[in-house]
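Read the structure below first, then the notes.
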Amino acid sequence: MQVKRDADPSARSKAPYTVKITNYAWDQSDKFVKIYLTLKDVHKNPSENVEVNFREGSFSVLVKDLNGKNHQMNILNLLHPIDPNDSFKKIKTDIVLLMCKKQTNKKWDCLTKVEKQAKEKKENLSGDDAGDSSEPLMNMLKKMYAEGDDEMKRMLNKAWTESQEKKMKGGDMMDL
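Using the working numbering, the first residue of the sequence shown is number -6, and each one after it goes up by one.
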């Protein structure tokens, strides 16, 4: 019995593997959002090995066979739409520069919708300094009152009344 073997078994192990690009910088002008990808020796790679696919709400980059690896980046859900036809790439020393043409001259606060949502969520969690610091507690008590049975409502009313009486006498609300 004869076992079939590859003519060159090392050929499979030499195929480049793909790594995800997670480190980048971005900037903007009135007309473009610029994404900077720092990749050592990318300028020495043939230009056709850098594939960029621009879409209205996203873009993807694939740098083939750079130092034995493929480098890939996908950015989905851009904050605002771009014009894929007027967007382009530039290869500079150790940098791939993506020039994403804005459809409108709006200033972008961040690159993606997900980043904006995370930023807004973080701001909401940290709370406004000017706002009432007892607001989360009050919201919880209102919810307990709305969902509670008669005994729960009586207990909350009693605690609230006692707290207000202590406030009037100069006591601290934490004495509950």
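Even glycine gets a Cβ: it sits at the ideal position worked out from N, Cα and C.
Problem set entry | Rounded separation between I68 and F52 - CA only | 6 angstroms
For this session: Below 7 angstroms CB to CB, which residues in the same chain sit around K99 once its five sequence neighbours on both sides are set aside?
Result: H73
Problem set entry | Residue environment, S40, which counts as buried when at least 16 other CB atoms sit within 10 Å | exposed
For this session: Could you tell me whether the segment 31 to 40 touches the segment 83 to 90, where touching means 3 or more Cβ pairs closer than 8 angstroms?
Result: yes
Exercise. Beta strand (DSSP E) containing Y138: first to last residue?
Worked result: Looking at the DSSP string, Y138 is not in any beta strand (DSSP E); the run it does join, the alpha helix (DSSP H), is E128 to E140.
Exercise. Secondary structure at S22, three-state DSSP: helix, strand or coil?
Worked result: coil
For this session: Could you tell me if V107 is buried or exposed, where buried requires 16 or more neighbouring beta carbons within 10 angstroms of its beta carbon?
Result: exposed
For this session: Assign L32 to one of three DSSP states: helix, strand, or coil.
Result: coil
Problem set entry | Neighbour-count burial assignment, V12, 16 or more Cβ in a 10 Å radius | exposed
For this session: Look up C93 in the DSSP assignment and give the residues it is bridged to.
Result: V26
Exercise. Within 10 angstroms of its Cβ, does M148 collect 16 or more other Cβ (buried), or is it exposed?
Worked result: exposed
For this session: Indicate whether F25 and K82 have their beta-carbon atoms separated by less than 8 angstroms.
Result: no
Problem set entry | For D102, three-class secondary structure by DSSP | coil
Exercise. Assuming L90 and V54 make a contact with CB atoms under 8 angstroms, what is their CB distance in whole Å?
Worked result: Not quite, the Cβ-Cβ distance comes to about 11 angstroms (not below 8 angstroms), so this is no contact.
For this session: Out of K160, W153 and K57, state which residue places its alpha-carbon closest to the alpha-carbon of M131.
Result: W153
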